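Enquirer: Residue numbers (the numbering used here), protein chains in the order written: chain C, 1 to 213; chain E, 1001 to 1313; chain V, 2001 to 2535.
C-beta: ideal position from N, C-alpha, C; glycine also.
Fair warning: this is a prediction, and the values are worked out from it, not measured in the lab.
Here you go, one structure.
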Amino acid sequence: MPDVEAFAPQYASIRHRDETAELGMWVFIATEVLLFGGLMLGYIVYRHAYPTAFAAAGRHTDIVIGTANTAILLTSSFLVACAVDAFAAETRKICITLLSGAILLGLIFIVLKGIEYSDEYREHLVPGINFSFEPANADGAQLFFVFYFVATSVHAVHMLVGIGLLAVLARLTYRSPDSRHRAALHSAALYWHFVDVVWIFLFALIYLPGRST
Amino acid sequence: MRHEWTSFWHSGVSPHGRDVDMLFGGLLLASALVLGLLFFLLTLFCIRYRVSNAVDRDHRIRKSWHWEVTWTAASLLGFLALFVWGASIYLDIFRTPPDELSVFVVAKQWMWKVQHTGGQSEINALHIPVNRPIRLVMASQDVIHSFFIPALRLKHDVVPGRYQDLEITAERSGHYHLFCAEYCGTEHSGMTGEIVAMEAADYAGWLAQQSPSASLAQEGGALFRELGCSGCHGTGSKVHAPALEGLYGNPVPLSDGSMVTADDKYIRDSILLPRSQIAAGYEPLMPSFEGKVSEDQLLRLVAYIKSIGGHRS
Amino acid sequence: MNEDNYLNAGYSLRSWFFTTDHKRIAILYFASLIVFFLIGGAAATAIRIELVTPQADLVSSDMYNRLFTMHGIIMVWFFLIPSIPNTLGNFIVPLMIGARDLAFPRLNLLSWYLFMLGGGVTLFAIFAGGVDTGWTFYTPFSTLYSNSYVAVAVTGVFIAGFSSILTGLNFIVTIHRLRAPGLTWYRLPLFLWSLYATSVILVLATPVLAMTLVLIVVERVLGVGIFDPKIGGDPLLFQHLFWFYSHPAVYIMILPGMGVINELISCFSRKQVFGYKFVAWASLAIAALGFLVWGHHMFVSGQSLLASLVFSFMSFMVAVPSAIKVFNWTATLHKGSIRFDAPMLYALGFIGLFTIGGLTGLFLACLAYDVHATDTYFVVAHFHYIMVGGMVTAYFGGLHYWWPKITGRLYSEYWARTAAVLIFFGFNLTFFPQFILGAEGMPRRYHVYPPEFQVWNVLSSGGAVILAIAYLMPLVYLGYSLFFGRRAPANPWDAPGLEWQTPSPPPEYNFDTQPVVTRPPYQYSPDFAAEPQNA
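Written out as structure tokens, the structure is:
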């Protein structure tokens, strides 16, 4: 497919532009690592201070939804990876189908998260709103749930941004599957995979404590 | 206060205060030498090599790395020496004080409340005898404050939620500033006081003059009954609660298998966060007194439990 | 200046506020930064006037606390951090590497809008009633006790943080990927090495601040005790998280200043910077080591003695690359051909003032002395020597150096030199007495103070008057030059960098044809004529 598209004057070629865009996404991901890293560091400090309370609180998380969401996200990442591979004018319908699948899975993730949040509201596990827990571990558990809600809602915001990106790119792939949009999809896929990896860390920190005993 | 032009040259009046002053002198000397050298070279080069000056500019230094290694190594060695010097004094300043003469300090917005074990209390003042190490046990009622005595070259933050030990010794009698050094709100700059160091005889006289109604431990004992602690922990109680006689200072086995020493922090945490450390063989029945007892009252309870622990406070 | 350049490429508001030209975005930042500097400076003026007497006479304690908080927040986040990177960096980086723009011009514009939004929100908090927590927002005071617009101010800073991140991202990618042919890493001017190191810190440290600010707002708005000791939270955790960003932040502030000094010293001694590679790697070392020293703000906070030992040791280590730079700059002057134009006066002033600031940093890194000096005016003097004596001086130096390139005009050399000298003396008179105050034990953030501290306070306030006048002078003569200054040639200083091989002011797309670099930077022939990097 001949690339006759224009590119911005600071670039020497299309390839130059696309590689630069990808580097930009890697640098952005580095900032996100520190964003979530800072939060996880705070979590780890408190978990070290209150191990029994964190374990007790961890047992109150919904492991079924948590595990389902992990499987959903991993599958969606697989679909996105395949979509990147399938990006070409001839296979654009396949690409769009794969992206739509990933978007759908992402939305299911969000819905399941919403169900989980409302369950937690009913079980009085929302700090600042209606939190109550067995008195022996109440303080540590409240700290656990503060981190739980902050981390998962920040993650959910990132998920929504990712879903938006994939949706925009699905549309662009349909309209003009040129190299600029290939690069854009590649960057969006990187972002999506990163959000997935963050979830895996969160899953381990949130859902698994206290379950081995 | 007499108007001092160079009061910062007055030496510190604590044992490590002199060490800190010597360290300061050393730092000042090193800095003056480096700065002097730098200004000399800058001035020299600026004058000698100014554009209008026809001077030999050939044979410029080509290989720079000899110089680089030299001044890097020199800086590194100098810095290491300063680090070791400062660190050794620091460790000395903050060594755990022996359980000598204790005084309790509660910081709150915006005053310092001082409690002597004999029950004498002061606000924004602390009387101490000279040449005796005083162990301050400090707590904050609300936000972070910082206990700062410039004359002793000493400060430490007082953080809410924990006890802070600090050893102070004044070598000369006199009045010394006490400042709060961590911003704590509206009247932060008003949270000042004075340390009054007195000769031993004068100090004894001052203590006697205060005529407190009861010692801290006695007041603690009264609180112990008023707050209902004796209901569970006293003899004849039907509740299976640990006896507190002989507890203080001794190891306590916990329900998770670990051992902890029953110090001030342990007592305080047991009252405020009783479920955080359960004594082995007991049920987690004790209610928390968070919000029901102030830092002043906590200090009295700790003093009381210490007094029935077989320790002198 | 009859030919087309970026300034006359469009006069509409739209062409300015929707520009993607890095040069215009630099001007947008420059204008907004002047406003923030004046607001922060006004707060400082009020503070220094109040401190002339030991008692409270000008303002109430609550107002005073709001004033120093405002001064800190505005100066740190809305002046110092964006200053050189977003004005001089935005303008010069593409020119210096021979590119037509930054890698992501639209992100650059977004960065300015985020900066303005963040600034607007913060100014709203300040003028609606103020914040009284200090720029450090220590908990539990900020989360549970302060009766001021903490959440709003914190949100403003949060938004501005994204502006920083985007800038850093843009510079990293640009320096990696948009260098002109022949421009290898070791041929980069040191200004770019410094900005690269700064950008690494910007992208890695700022997110941690973002997360910490989120936690403050959550605790304040929802009342959940993340840092509340009553439910087992730890106020010290806040300090660790806050300083993990805020210490590297001070290197964000000073590294660009050091970068500018390289350009000035070499140009006005007509000589290659001594020990180029050492200086380049020293910038990266400062960035890396700067992440490992945050606990030196907490030596008396109650952190463990072991932690304090480690942080003190690392703090001494991070001083080494800074020392290397100072020695290298001095050695650059040796056998040079030195001219004392205004930018050089600023550069020399920087070396002196930064060295004093850095040496006093050693005092504070030294554990036992820090016990006495922390939270006193000694610290205040130390960081003002670095930030104002160092960073702002470097900013002014760079501004004067590149002013002909940016505006196409020459300023009055007489007034520029006068202002530089006046700034140097006013600065020292303002801040040197504060070292004495700190050594004597006057705590910081004090509205009222014991009378024996008055004499040094009066000296300091007197110096502040001189400094204020000196800082206002450039507004006048630089502003005058915009309309009445002589037209500047392409290369008024006869310097070899790529930015000087294009007209003043540059055309919209910087270069007609992409330069090809054949030489290292700072090449001057034996008779001190510049050898351009691309000839």
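In the DSSP output, what is Val-1252(E) paired with across the bridge?
Expert: As a beta-bridge residue in DSSP terms, Val-1252(E) pairs with Val-1260(E).
Enquirer: Whose Cβ in chain E lies nearer than 8 Å to the Cβ of Thr-2330(V)?
Expert: Leu-1038, Leu-1041, Leu-1042 and Phe-1045
Enquirer: Using a C-beta to C-beta distance shorter than 7 Å, which residues of chain D count as neighbours of Asn-130(C)?
Expert: Chain labels in this structure do not include chain D; the protein chains are C, E and V.
Enquirer: List the residues of chain E that Cys-2366(V) touches, going by C-beta distances under 8 Å, in chain order.
Expert: Contact annotation for Cys-2366(V) against chain E: Leu-1023, Leu-1027, Leu-1082, Phe-1083, Trp-1085 and Gly-1086 [CB-CB distance below 8 Å, chain order].
Enquirer: Using the three-state DSSP reduction, which class does Asp-3(C) fall into: helix, strand or coil?
Expert: For Asp-3(C), the predicted model reports a pLDDT of 49, less than 50, meaning its position is unreliable; a value from the coordinates is still stated below. Coil at Asp-3(C), not helix or strand.
Enquirer: Taking the C-alpha atoms as reference points, what is the distance between Ser-2308(V) and Val-1260(E)?
Expert: Each residue's Cα considered, the two are about 25 Å apart.
Enquirer: For Arg-211(C), which residues from the same chain have a beta carbon less than 8 Å from its beta carbon, with the 5 sequence-adjacent residues on both sides left out?
Expert: Gly-58, Arg-59 and Ile-63
Enquirer: Buried or exposed: Asp-196(C), going by 16 or more other Cβ atoms within 10 Å of its Cβ?
Expert: Asp-196(C) is buried by the Cβ-count criterion.
Enquirer: If you compare alpha carbons, which of Ile-2356(V), Phe-2242(V), Trp-2077(V) and Ala-2197(V) is closest to Thr-2139(V)?
Expert: Phe-2242(V)
Enquirer: Once DSSP output is grouped into helix, strand and coil, what is the label at Glu-19(C)?
Expert: helix
Enquirer: Which term fits Glu-1295(E), buried or exposed, when burial requires 16 or more other beta carbons within 10 angstroms of its beta carbon?
Expert: Glu-1295(E) is buried by the Cβ-count criterion.
Enquirer: Can you tell which of Ala-189(C), Phe-131(C), Leu-172(C) and Arg-182(C) has the C-alpha that lies nearest to the C-alpha of Gly-162(C)?
Expert: Ala-189(C)
Enquirer: How big is the Cα-Cα spacing for Phe-1224(E) and Leu-1301(E)?
Expert: Each residue's Cα considered, the two are about 7 Å apart.
Enquirer: In chain E, what lies closer than 9 Å to Ala-2319(V) by C-beta?
Expert: Ser-1075 and Phe-1079
Enquirer: Assign Gly-114(C) to one of two classes, buried (16 or more other C-beta atoms within 10 Å of its C-beta) or exposed (fewer than that).
Expert: exposed
Enquirer: Is the CB of Leu-1273(E) under 8 Å away from at least one CB in chain C?
Expert: yes
Enquirer: May I ask you to verify whether the segment 2061–2072 of chain V touches the segment 2108–2119 of chain V, counting CB pairs closer than 8 Å and requiring at least 3?
Expert: no
Enquirer: Between the segment 2196–2205 of chain V and the segment 1260–1276 of chain E, do at least 3 Cβ pairs fall closer than 8 Å?
Expert: Result no; under three Cβ-Cβ pairs closer than 8 Å.
Enquirer: Measuring only between beta-carbons, confirm whether Pro-2235(V) sits less than 8 Å from chain E.
Expert: yes
Enquirer: Go ahead and pull the three-state DSSP assignment for Ala-1243(E).
Expert: coil
Enquirer: Under 6 Å Cβ to Cβ from Asn-2457(V), same chain only, skipping five residues before and after it: list those, please.
Expert: Leu-2051
Enquirer: Find the residues of chain C that neighbour His-2176(V), judging by a C-beta separation of less than 7 Å, and give them in chain order.
Expert: Leu-23
Enquirer: Is there at least one Cβ from chain V nearer than 8 Å to Met-1181(E)'s Cβ?
Expert: One point to set straight first is that residue 1181(E) is Ala, not Met, in the sequence displayed. Closer than 8 Å to some Cβ of chain V, the Cβ of Ala-1181(E) qualifies, so yes.
Enquirer: Using a Cβ cut-off of 8 Å (strictly closer), state whether Pro-135(C) contacts chain E.
Expert: yes
Enquirer: DSSP state of Met-2253(V), grouped into three classes?
Expert: helix
Enquirer: Using 8 Å as the threshold, is the C-beta distance between Leu-165(C) and Tyr-191(C) below it?
Expert: It is a contact, given that the beta carbons lie within the stated cut-off.
Enquirer: Show which residues of chain E have a CB atom less than 8 Å away from the CB atom of Thr-2355(V).
Expert: Val-1034, Leu-1035 and Leu-1038
Enquirer: If we call anything under 8 Å between Cβ atoms a contact, is Pro-127(C) one with Leu-2222(V)?
Expert: Taking 8 Å as the Cβ cut-off, Pro-127(C) and Leu-2222(V) qualify as a contacting pair.
Enquirer: Residues bridged to Ile-2243(V) by DSSP?
Expert: Note on identity: in this sequence residue 2243(V) is Trp, with Ile being the wrong assignment. Paired residue(s): none; Trp-2243(V) is not in a bridge.
Enquirer: Return the chain-ordered list of same chain residues with a C-beta closer than 8 Å to the C-beta of Asp-2527(V), the five sequence neighbours on each side being excluded.
Expert: none
Enquirer: Alpha carbon to alpha carbon, how far is Pro-2450(V) from Tyr-1176(E)? Give it in angstroms, no decimals.
Expert: Between Tyr-1176(E) and Pro-2450(V), the C-alpha separation is close to 12 Å.
Enquirer: DSSP state of Ala-2394(V), grouped into three classes?
Expert: Here DSSP, grouped into helix, strand and coil, assigns Ala-2394(V) to helix.
Enquirer: Okay, do the segment 1183–1191 of chain E and the segment 2407–2426 of chain V touch, 3+ Cβ pairs below 8 Å being the bar?
Expert: Output reads no: the segment 2407–2426 of chain V does not touch the segment 1183–1191 of chain E.
Enquirer: Which term fits Leu-1033(E), buried or exposed, when burial requires 16 or more other beta carbons within 10 angstroms of its beta carbon?
Expert: exposed
Enquirer: Within 10 angstroms of its Cβ, does Phe-2127(V) collect 16 or more other Cβ (buried), or is it exposed?
Expert: Exposed, because fewer than 16 other Cβ atoms sit within 10 Å of the Cβ of Phe-2127(V).
Enquirer: Can you check whether the C-beta of Asp-139(C) is within less than 8 Å of a C-beta belonging to chain E?
Expert: yes
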